[in-house]
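In UniProt numbering, the protein residues as written are 1 to 384.
Below you can see the structure in the form of structure tokens.
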């Protein structure tokens with residue numbers, strides 16, 4: 001392949017580039033006369049081109065040295081493309097059914113060539129706004145999060161040495177982590193030029209958030225967790241705009257914010273977006289669709305499915321789920337089959353929260369084939 005150095009793509013140069021790149025030209029059957037090229041205009045950070053020919057198709061994504069939607073006034077490293085393709089490859093290896101295949105990566109060009117998710121795939125956010133029901137979405141996303149988070153964590157067998165090397169590599173994705181810290185954990189709670197709200201209708205609500213010191217302390221704690229807890233290779237931007245769907249397909253895209261962070265950040269981002277979609281439904285109701293599908297039961301089913309799909313021994317499953325819920329600040333109900341020993345607490349006029357520990361005896365007993373986990377019972381009920 002010819003080395004071009006870094007050069008911003010346009011349609012003419014893109015065709016020249018594909019012709020000189022066997023891993024891309026082969027996906028088009030080496031036929032270039034009838035190519036149709038379309039730039040996707042709704043990308044916030046990058047240039048994205050869809051290339052379709054008579055014998056195949058491909059998507060080309062190029063990182064710019066700035067944020068696409070902001071222009072050169074907001075510089076941004078092109079190296080984000082490297083971390084995106086690394087996350088796509090790793091997550092695709094672990095969960096190939098729900099991550100598009102990477103065909104080509106050019107670090108000098110900050111360019112990724114990958115599978116084109118052809119219609120009827122659409123962005124999940126658009127589907128939820130349109131009131132489309134996706135019966136397999138919860139199952140697919142549960143599988144994706146289970147495989148990508150568990151298999152890149154210390155809980156995974158022999159995961160320690162693998163994780164150390166990967167943590168060191170993804171520590172280089174500094175600018176994207178800094179951007180997340182800014183737009184998620186800092187700017188919303190103060191006056192910032194980048195904040196946007198529906199003014200003047202939400203001005204008082206925005207002021208209330210920015211003046212709530214207790215909230216700021218809670219957010220500061222979450223920010224600390226985000227920056228310090230390297231649990232697994234997370235997507236880092238897992239909202240409904242980073243997922244493409246049909247009725248029977250779910251594909252997770254755009255992991256350029258990937259790094260080793262708290263598992264709960266991915267799970268919480270996805271659940272939070274579903275909750276936002278739920279509260280937005282009243283504004284989209286029409287005679288043909290009353291939007292009853294968007295009930296909070298959807299979130300509960302997602303969590304149950306997430307638990308069920310963790311396919312490793314029960315003690316490890318408990319530790320994994322407890323760690324997930326700890327980072328989500330989610331209180332887990334007692335497990336019926338877990339034998340626990342209460343720790344001694346000092347006498348006091350006030351009731352102190354009682355800590356529990358899982359004993360070695362309970363770990364051994366949980367490996368017994370005669371015992372059934374509570375959520376496995378729930379799964380049986382759902383199947384009925």
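Cβ atoms here follow ideal geometry from the backbone N, Cα and C, with glycine treated the same way. Quick caveat, the model's predicted, so the values are computed rather than measured.
query: Can you name, in chain order, every residue of its own chain whose Cβ lies under 6 Å from the Cβ of residue 277, other than the five neighbours on each side?; result: 128
query: Quick check on this structure: which residue in 199, 120, 78, 57 has the alpha carbon closest to the alpha carbon of residue 66?; result: 78
query: Using the Cβ count rule (16 or more neighbours within 10 Å means buried), how would you classify residue 311?; result: Note on residue 311: pLDDT 48, under 50, position unreliable in the model; no value is reported.
query: Taking the alpha helix (DSSP H) that residue 160 falls in, what are its first and last residues?; result: 159 to 170
query: Can you have a look at residue 105 and say buried or exposed, based on whether 16 or more other CB atoms are within 10 angstroms of its CB?; result: buried
query: If you run the structure through DSSP and keep just helix, strand and coil, what is residue 268?; result: helix
query: At which residues does the alpha helix (DSSP H) containing residue 84 begin and terminate?; result: 80 to 94
query: Helix, strand or coil: how does DSSP classify residue 26 here?; result: helix
query: Give me the Cβ distance between residue 246 and residue 96, rounded to the nearest whole Å; I'm assuming they're in contact under 8 Å.; result: Going by Cβ atoms, the distance from residue 246 to residue 96 rounds to 17 Å, so no, they are not a contact pair.
query: When you compare the CB positions of residue 236 and residue 257, do they come within less than 8 Å of one another, or not?; result: yes
query: So residue 58 is in the beta strand (DSSP E); what residue range does that whole segment cover?; result: 56 to 63
query: Less than 8 Å separating the beta-carbons of residue 83 and residue 62?; result: no
query: Measure the beta-carbon distance from residue 203 to residue 194 and round it to whole angstroms, keeping in mind my assumption that it falls under 8 Å.; result: At roughly 16 Å, the Cβ-Cβ gap does not stay under 8 Å, so residue 203 and residue 194 are not in contact.
query: Sorted by chain position, which residues of the same chain lie with C-beta nearer than 8 Å to residue 219's C-beta, five sequence neighbours on each side aside?; result: 185, 189
query: What are the boundary residues of the beta strand (DSSP E) that residue 234 is part of?; result: 232 to 234
query: Report buried or exposed for residue 143, applying the criterion of at least 16 other Cβ atoms within 10 angstroms of its Cβ.; result: buried
query: Report the residue ranges of all alpha helix (DSSP H) runs contained in full by the segment 142 to 224; include only those spanning at least 4 residues, in chain order.; result: 159 to 170, 174 to 185, 203 to 210
query: Between residue 90 and residue 140, what straight-line distance do the alpha-carbon atoms span, to the nearest angstrom?; result: 17 Å
query: How would you label residue 208, buried or exposed, when you count the other beta carbons within 10 angstroms and need 16 or more for buried?; result: exposed
query: Determine the burial state of residue 261: buried for a count of at least 16 other Cβ atoms within 10 Å of its Cβ, exposed for fewer.; result: buried
query: So the candidates are 45, 60, 55, 86; which of them puts its Cα closest to the Cα of residue 72?; result: 45
query: With which residues is residue 289 paired in a DSSP beta bridge?; result: 286
query: Suppose the cutoff is 6 Å on Cβ atoms and the five residues either side in sequence are ignored; what does the same chain contact list for residue 101 look like?; result: 115
query: Tell whether a beta-carbon distance below 8 Å holds between residue 273 and residue 250.; result: no
query: Are the C-beta atoms of residue 89 and some chain D residue less than 8 Å apart?; result: Looking at the structure shown, chain D is missing, and only one protein chain is on hand.
query: With distances taken between CB atoms, is the gap from residue 7 to residue 109 smaller than 8 Å?; result: yes
query: Are the beta-carbon atoms of residue 11 and residue 50 separated by less than 8 Å?; result: no
query: Under DSSP, the alpha helix (DSSP H) around residue 17 begins and ends at which residues?; result: 11 to 19
query: Less than 8 Å between C-beta atoms, sequence neighbours within five positions excluded: which residues of the same chain meet that for residue 53?; result: 28, 29, 31, 32, 34, 35, 36
query: On the three-state DSSP scale, how would you describe residue 338?; result: Per-residue confidence for residue 338 stands at a pLDDT of 41, beneath the threshold of 50, marking its modelled position as unreliable; the derived number appears in the next sentence. The answer is coil: DSSP assigns residue 338 none of H, G, I, E or B.
query: Where does the unbroken alpha helix (DSSP H) through residue 124 begin, and where does it stop?; result: 124 to 129
query: Roughly how many angstroms separate the alpha carbons of residue 216 and residue 233, rounded to a whole number?; result: 27 Å
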